[in-house]
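Just so you know, we're using UniProt numbering here: the sequence shown kicks off at 1 and counts up by one.
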Amino acid sequence: MMWDAAPQPTLSPISPAGWLRVVLRGSVLTVVVFGGLLILLAVRLVERPLFGLHRPVTPWITQGVCKAAFVILGIRREVRGAVMRGTGAVVSNHASWLDIFALNASKRIYFVSKAEVAGWPGIGWLARATGTVFIRRDPREARAQQALFEARLQAGHRLLFFPEGTSTDGRRLLRFKPTLFQAFFSPALPAMQVQPVTLAYHAPPGTPEAFYGWWGDRGFADHALRMLAQAPQGRIAVIYHAPLRVADHPGRKALAQAAEGAVRAGLVSEGLPSGR
C-alpha cells in the first residue's frame with residue numbers, strides 16, 4: 001500500500017551553494033555508510049561462525065554509522081525516554097528513509113521489511129548486511145514467519161517494524177495494522193514486550209512542514225538530494241515510550257491500539273497533528 005493523501009511539497013530549485021553541499025556531504029556520507037558496510041561484512045565473517053544468529057559486535061558498527069549520518073547531514077537528533085532493556089520488539093511511525101538512521105542510532109535493532117526491499121540497489125544491500133528480516137505479505141507464509149520471528153527474538157534481537165504499513169508526510173499517524181503483533185503472543189516468548197517509539201520531524205525554517213517526509217511516488221534520489229542540500233537543517237525528536245507487556249493485553253488488536261496511542265501522544269506532545 002502506498003499513502004498519497006497529501007500533496008508533495010513545492011520546493012525551490014537547489015541553489016549553487018546547495019549543490020556544493022550535495023557534493024561534500026554526499027561524498028562523506030557515501031564513504032561512511034559503505035565504508036562501515038565493508039567493515040561490518042568483514043567482522044561478520046568472524047562473528048557468524050562463532051555466534052550464529054547472535055551479533056555481539058556488528059550492530060555497534062551500524063549504530064555508529066547512523067549517528068555519524070545525522071552529524072554529516074546537519075540534522076539535530078533529540079532523544080527522549082529510555083531505551084527498552086531485555087527481549088522485545090519496537091514499533092514506530094514511518095515518515096522517511098531517514099527513520100532507519102534515526103532508529104538505529106539509539107538502539108541495536110533489526111528491521112522487519114517487505115521482501116521487495118531486498119532487491120533495491122544500495123538500500124537492499126545495506127538491509128541484508130545489517131540483518132533485516134524480510135517478509136512477504138502472504139497468509140500462506142504466516143507460520144514460517146512466526147518461527148523466524150521467534151528464532152530472532154530468542155537470540156536477543158530486537159525487531160522493529162512500521163505498523164502503518166507505509167510512510168506518510170510525518171505529520172499524521174495511520175491506524176496500526178495488528179497483523180504482525182500476533183507473533184508476539186507466542187508461548188515461546190513469555191516475557192515479550194513491545195516499545196512504541198515516536199519519530200517527530202521538525203522542518204527547517206522557511207520550508208514546508210512536511211519537508212522531511214518521503215511518501216507517495218516521490219523518488220528516493222530527489223528526496224535524498226534535498227536532504228543533502230538543505231541548510232540550515234531542522235531536527236528530529238526520537239521519543240521512547242514505556243514498553244508494553246504483551247501479557248497485559250488480550251490480543252493483537254488491543255496491543256496494536258495501545259502502541260498506536262502512545263505514538264500518537266508523542267506526535268501531539270511535539271505540536272504535530274496526528275489525524276489519519
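Heads up, the beta-carbon is just placed ideally off N, CA and C, and yes, glycines get one too.
| query | result |
| --- | --- |
| Through-space distance from Trp-214 to His-223, alpha-carbon basis | 7 angstroms |
| Exposure of Thr-132, with buried meaning 16 or more beta-carbon neighbours within 10 Å | buried |
| Cβ-based neighbour list, Ala-129, same chain, cut-off 8 angstroms, excluding 5 preceding and 5 following | Leu-37, Leu-40, Leu-41, Arg-44 |
| Beta bridge counterpart(s) of Gln-195 as assigned by DSSP | Val-90 |
| Residue from Pro-187, Leu-199, Pro-13 with nearest C-alpha to Ser-167 | Leu-199 |
| Test item: CB-CB of Asp-4 and Ala-95 under 8 angstroms | no |
| Inside the stretch 26 to 87 only - alpha helix (DSSP H) runs reaching at least 4 residues | 58 to 73 |
| DSSP-derived helix/strand/coil call for Phe-176 | coil |
| Touching by the beta-carbon criterion (3+ pairs, under 8 angstroms), the stretch 66 to 78 and the stretch 178 to 189 | no |
| Closest Cα partner of Arg-108 within the set Phe-34, Val-46, Trp-60 | Trp-60 |
| Pairwise C-alpha distance: Val-112 and Val-197 | 15 angstroms |
| Burial state of Phe-220, where buried means 16 or more other Cβ atoms lie within 10 Å | exposed |
| Counted within 10 angstroms of its Cβ, other Cβ atoms place residue 281 as buried (16 or more) or exposed | Since the first residue shown for the chain is 1 and the last is 276, residue 281 is missing from the structure and cannot be characterised. |
| Pairwise C-alpha distance: Lys-67 and Ala-102 | 8 angstroms |
| Contacts around Pro-205, its chain only, beta-carbon distance under 6 angstroms, and the 5 residues preceding and following it disregarded | none |
| Alpha-carbon spacing of Ala-6 relative to Ala-203, whole angstroms | 16 angstroms |
| Pick from His-157, Arg-171, Gly-52, Met-84 that is closest to Val-268, judged by C-alpha positions | Arg-171 |
| DSSP bridge partner residues for Ser-113 (one or two, in chain order) | Phe-134 |
| Start and end residues, alpha helix (DSSP H) containing Arg-226 | 220 to 229 |
| Contact between the stretch 223 to 243 and the stretch 148 to 160 (3+ Cβ pairs under 8 angstroms) | no |
| Counted within 10 angstroms of its Cβ, other Cβ atoms place Pro-187 as buried (16 or more) or exposed | exposed |
| For Arg-171, the first and last residue of its enclosing beta strand (DSSP E) | It is not in any beta strand (DSSP E) - Arg-171 carries neither H nor E in the DSSP assignment. |
| Nearest-angstrom beta carbon gap, Val-246 and Val-91 [assumed within contact, 8 angstroms] | Not really, about 12 angstroms apart at Cβ, beyond 8 angstroms. |
| Cutoff 6 angstroms; reference Phe-70; Cβ partners in own chain excluding five residues on either side | Arg-77 |
| Reduced DSSP secondary structure (H/G/I, E/B, other) of Phe-101 | helix |
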